[in-house]
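Student:
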Amino acid sequence: MTAPSGFEAVIGLEVHAQLRTASKAFCGCSTRFGDEPNTNVCPVCLGLPGALPVLNRGVVESAVRMGLAVGSSIAPTSIFARKNYFYPDLPKGYQISQYDEPICRGGTVEIDLDGGARRQVRLTRIHMEEDAGKSIHDAGDGTLVDVNRSGVPLIEIVSEPDVRSPREAALYVQKIRQIVTYLGICDGNMEEGSLRCDANVSVRPAGTAALGTKTEVKNMNSFRNVERAIEFELNRQIALLRSGGTVLQETLLWDAESNTAHPMRSKEEADDYRYFPEPDLVPVTAAEAWVAQLRSELPEHPTLRRDRFEKTYGLPRYDADVLTAERGTADYFESVVRELGALGADSAKAASNWVMTDVLRVVGERRIDIAEFSVPPSSLAGMIRLIGNGTISGKIAKEVFSAMLETGERPERIIDERGLLQLSDETAIGKVVDDVIARNPGPLATYRSGNAQLLGFFVGEVMKQTKGKANPQVVNALLKQRLT
-8 MTAPSGFEAV IGLEVHAQLR TASKAFCGCS TRFGDEPNTN VCPVCLGLPG ALPVLNRGVV
52 ESAVRMGLAV GSSIAPTSIF ARKNYFYPDL PKGYQISQYD EPICRGGTVE IDLDGGARRQ
112 VRLTRIHMEE DAGKSIHDAG DGTLVDVNRS GVPLIEIVSE PDVRSPREAA LYVQKIRQIV
172 TYLGICDGNM EEGSLRCDAN VSVRPAGTAA LGTKTEVKNM NSFRNVERAI EFELNRQIAL
232 LRSGGTVLQE TLLWDAESNT AHPMRSKEEA DDYRYFPEPD LVPVTAAEAW VAQLRSELPE
292 HPTLRRDRFE KTYGLPRYDA DVLTAERGTA DYFESVVREL GALGADSAKA ASNWVMTDVL
352 RVVGERRIDI AEFSVPPSSL AGMIRLIGNG TISGKIAKEV FSAMLETGER PERIIDERGL
412 LQLSDETAIG KVVDDVIARN PGPLATYRSG NAQLLGFFVG EVMKQTKGKA NPQVVNALLK
472 QRLT
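Following this line, the structure appears as structure tokens:
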């Protein structure tokens, strides 16, 4: 969806990524999700008087890695600030964040638009901060507070208002998720709140440069909800302006069940938060040598890897997109190709087909990470090699694959133990072909009268009698010869 005729959408996004550190940003409490409420707490994250924060080095490292991955400039010195506001799940009454001196400035995130075009979304900054706790409003008449999440480390990735449609916004958040999971700094689970997105939305007359009044939409916990929420808000603002109304600067809460957004509070400005330097934390220094080391350790960027899969392996764009969507999937695929020992398009495409269809199907059905997938790349490669050299047929390979999942055994042993070798002997297959033709005089006459499509029927009958073991190429050649 794009803005209706006469208006242009202007969208900026703030993405919060929860970092995969074992302990919180400023204390040693666990960041583990799902524990009993208010069990992972201490005087620091409870905000008790006299408790002093100590910065977790892993938080800084994760922020720098993200900045390097998107081309940000890394500040040699950055400063934490207190962001003051009241909320029941914020025990201290302020949040430790960064404001005018963040760890990362600038950078870009490239998204692939529908139709093949690409858009560069500029970043304003990436900064470190701690999370607040969690208010639970649907527990009877009152509100409960769980402080386990208080102090969990976040990075906030703030974009310039470069996004022009709800679809672009969803693609942007998907790309952010892909980058942070490739880096291993965030698990990207939007349902659990590990990745959260707020959208600053405004509209302006098409062709003008001045920005309209913006609203902030919060509580979008899926890519689909990002798209739906922004589309709703754009339509609301445009309808309001066309009726002679005024857009108010406010924060809206997205309700996925009703597919509407409701006002939450008036939109705050920076002055409302009374930012000032955090007196209990020293400035953060990122030494040049340390930053260079982190740069050298970065994994291949997912976009570059996707492009390399197309060029090196001769894969279609669709295959390359699917295979590089998750780092684990791309690693598994490349391990299979290395085991095959060839970079030719045929072997790479065969590996791609098996990974995209059978491997990812099992991973999805079992709801596991591909690192937990029971068939190692060497076994899958071995099976693909056996298909290629005619030892087994593609149909038998499905049976072999299922057996590898169940037993964990190598394909060669499964084929030997179960007698699954492909039948390629022309004399033996010829006898079956003759028998099938003799048993089906009606289809034979129809075929010879010009209905060549019936060849598939005869092939199927031969494969049925040989229990899928006959070499399909030999079967096709013999049938074409004898049917005519």
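Everything in the sequence shown is counted per this note's numbering, starting at -8 for the first residue and increasing by one.
Just so you know, even glycine gets a beta-carbon here, dropped at the ideal spot from N, CA and C.
Nearest to residue 136 by alpha carbon, out of 124, 143 and 147?
Tutor: Checking every option, the nearest Cα to that of residue 136 belongs to 124.
Student: If you draw a straight line from the alpha carbon of residue 113 to that of residue 204, how long is it in whole angstroms?
Tutor: Straight-line Cα distance between these residues: approximately 21 Å.
Student: Report buried or exposed for residue 194, applying the criterion of at least 16 other Cβ atoms within 10 angstroms of its Cβ.
Tutor: Residue 194 should be labelled buried.
Student: Measuring alpha carbon to alpha carbon, tell me which of 86, 26, 475 and 166 ends up nearest residue 295.
Tutor: Of 86, 26, 475 and 166, the residue nearest in Cα terms is 166.
Student: Starting from the N-terminal side, write out each stretch of the alpha helix (DSSP H) that is 4 residues or longer and does not extend beyond the region 178 to 245.
Tutor: The qualifying runs are 214 to 233.
Student: Quick one: Cα of residue 79 to Cα of residue 126, how far?
Tutor: Those two C-alpha atoms are separated by around 7 Å.
Student: Which residue's Cα is closest to the Cα of residue 58: 469, 392 and 285?
Tutor: If we check each option's Cα against that of residue 58, 285 comes out closest.
Student: Assess contact between the region 100 to 116 and the region 149 to 168, defined as three or more Cβ pairs (one per stretch) separated by less than 8 Å. Is contact present?
Tutor: Taking 8 Å as the limit for Cβ pairs, the verdict is that the region 149 to 168 does touch the region 100 to 116.
Student: Exposed or buried, what is residue 493 when buried is set at 16 or more other beta-carbons lying within 10 Å of its beta-carbon?
Tutor: In the structure displayed, the chain extends from -8 to 475; residue 493 sits before or after that span and is not available.
Student: Check residue 23 in the structure and name its three-state DSSP category.
Tutor: Reduced to three states, the DSSP call for residue 23 is coil.
Student: Can you tell me the Cβ-Cβ gap for residue 297 and residue 320, rounded? I've got them flagged as a contact below 8 Å.
Tutor: With 8 Å as the limit, residue 297 and residue 320 do not qualify as a contact, their Cβ atoms being about 12 Å apart.
Student: Tell me where the beta strand (DSSP E) around residue 456 begins and ends.
Tutor: No beta strand (DSSP E) contains residue 456, which is instead part of the alpha helix (DSSP H) from 446 to 456.
Student: Could you check what DSSP says for residue 86 in three-state terms: helix, strand or coil?
Tutor: Three-state result, residue 86: strand.
Student: Compute the beta-carbon to beta-carbon distance between residue 274 and residue 318, rounded to the nearest angstrom, for a pair I have assumed lies under 8 Å.
Tutor: Going by Cβ atoms, the distance from residue 274 to residue 318 rounds to 33 Å, so no, they are not a contact pair.
Student: In terms of residues, what are the limits of the beta strand (DSSP E) holding residue 150?
Tutor: Segment 144 to 150, the beta strand (DSSP E) holding residue 150.
Student: Residue 353 to residue 395, Cα distance in whole Å?
Tutor: Rounded to the nearest angstrom, the two C-alpha atoms are 12 Å apart.
Student: Verify whether the separation of the beta carbon atoms of residue 8 and residue 94 is less than 8 Å.
Tutor: Not a contact, by the Cβ cut-off of 8 Å.
Student: Quick check on residue 31: does DSSP put it in helix, strand or coil?
Tutor: Coil.
Student: Starting from residue 368, trace the beta strand (DSSP E) in both directions and tell me its first and last residue.
Tutor: Counting along the chain, residue 368 falls outside any beta strand (DSSP E), though it belongs to the alpha helix (DSSP H) covering 368 to 379.
Student: Residue 293 and residue 326: beta carbons closer than 8 Å?
Tutor: Result no, Cβ atoms of residue 293 and residue 326 do not sit closer than 8 Å.
Student: Three or more beta-carbon pairs under 8 Å between the region 29 to 38 and the region 6 to 20, yes or no?
Tutor: The region 29 to 38, when compared against the region 6 to 20, does touch it at the 8 Å Cβ threshold.
Student: Using a threshold of 8 Å, state whether the C-beta atoms of residue 152 and residue 222 are closer than that.
Tutor: In this structure, residue 222 does not lie closer than 8 Å to residue 152 by Cβ.
Student: Would you kindly check if the distance between the Cβ of residue 171 and the Cβ of residue 179 is under 8 Å?
Tutor: Contact flag set, yes.
Student: Taking Cβ to Cβ, would you say residue 495 is nearer than 8 Å to residue 197?
Tutor: Residue 495 falls outside the range modelled here, since the chain spans only -8 to 475, and no answer is possible.
Student: Please look up how many angstroms separate the CB atoms of residue 494 and residue 331, rounded, as I've assumed it's under 8 Å.
Tutor: Past the edges of the chain, shown from -8 to 475, lies residue 494, and the structure says nothing about it.
Student: Less than 6 Å between C-beta atoms, sequence neighbours within five positions excluded: which residues of the same chain meet that for residue 271?
Tutor: The answer, listed in chain order, is 43 and 44.
Student: With residue 391 and residue 347 assumed to form a contact (beta carbons below 8 Å), what rounded beta-carbon distance in angstroms separates them?
Tutor: 18 Å between Cβ atoms; not a contact.
Student: Mapping the DSSP letters down to three states, classify residue 68 as helix, strand or coil.
Tutor: It is a strand residue.
Student: What does DSSP give as the partner residue(s) for residue 6 in the beta ladder?
Tutor: Looking at the DSSP assignment, residue 6 forms a beta bridge with 148 and 188.
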